[in-house]
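Undergrad: Sharing a structure here in structure tokens format.
In our numbering, the protein residues as written are 160 to 241.
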């Protein structure tokens with residue numbers, strides 16, 4: 160998918176979301192609850208992704224300021240051609 164197609168798709172999803180928000184005050188209670196559940200699910204997934212990425216970065220990049228001596232660092236050397 161090209162970036163233009165992706166942007167168009169995101170714009171379409173955003174427009175549908177805004178339309179749904181505009182109709183929400185007139186909606187049935189069941190529709191309001193289902194919309195809130197879907198919104199809560201999306202927020203939860205995004206929050207878990209942020210937590211997972213930050214934990215991964217924290218452990219992999221040694222952002223805590225100490226070096227991990229358990230990891231072996233292998234130096235790659237070029238092969239000498241004869």
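We put the CB at the ideal spot given by N, CA and C, even for glycine.
Predicted, not measured: the structure shown is a model, and the values here were computed from it.
Which whole-angstrom value describes the C-beta separation of residue 183 and residue 172, a residue pair presumed to lie in contact below a C-beta threshold of 8 angstroms?
TA: By one-based count along the chain shown, residue 183 stands at place 24. By one-based count along the chain shown, residue 172 stands at place 13. Contact doesn't hold; Cβ gap of about 16 angstroms is too wide.
Undergrad: So what's residue 193 in DSSP terms, helix, strand or just coil?
TA: Within the chain shown, residue 193 is the residue found at index 34, counting from 1. Of the three classes helix, strand and coil, the one that applies to residue 193 here is helix, per DSSP.
Undergrad: According to the Cβ coordinates, are residue 175 and residue 194 closer than 8 angstroms?
TA: By 1-based counting over the chain shown, the position of residue 175 is 16. By 1-based counting over the chain shown, the position of residue 194 is 35. It is not a contact, given that the beta carbons lie outside the stated cut-off.
Undergrad: For residue 183, report the span of its alpha helix (DSSP H) as first-last.
TA: To locate residue 183, count along the chain shown from 1; it is residue 24. Counting along the chain, residue 183 falls outside any alpha helix (DSSP H), and DSSP gives it neither H nor E.
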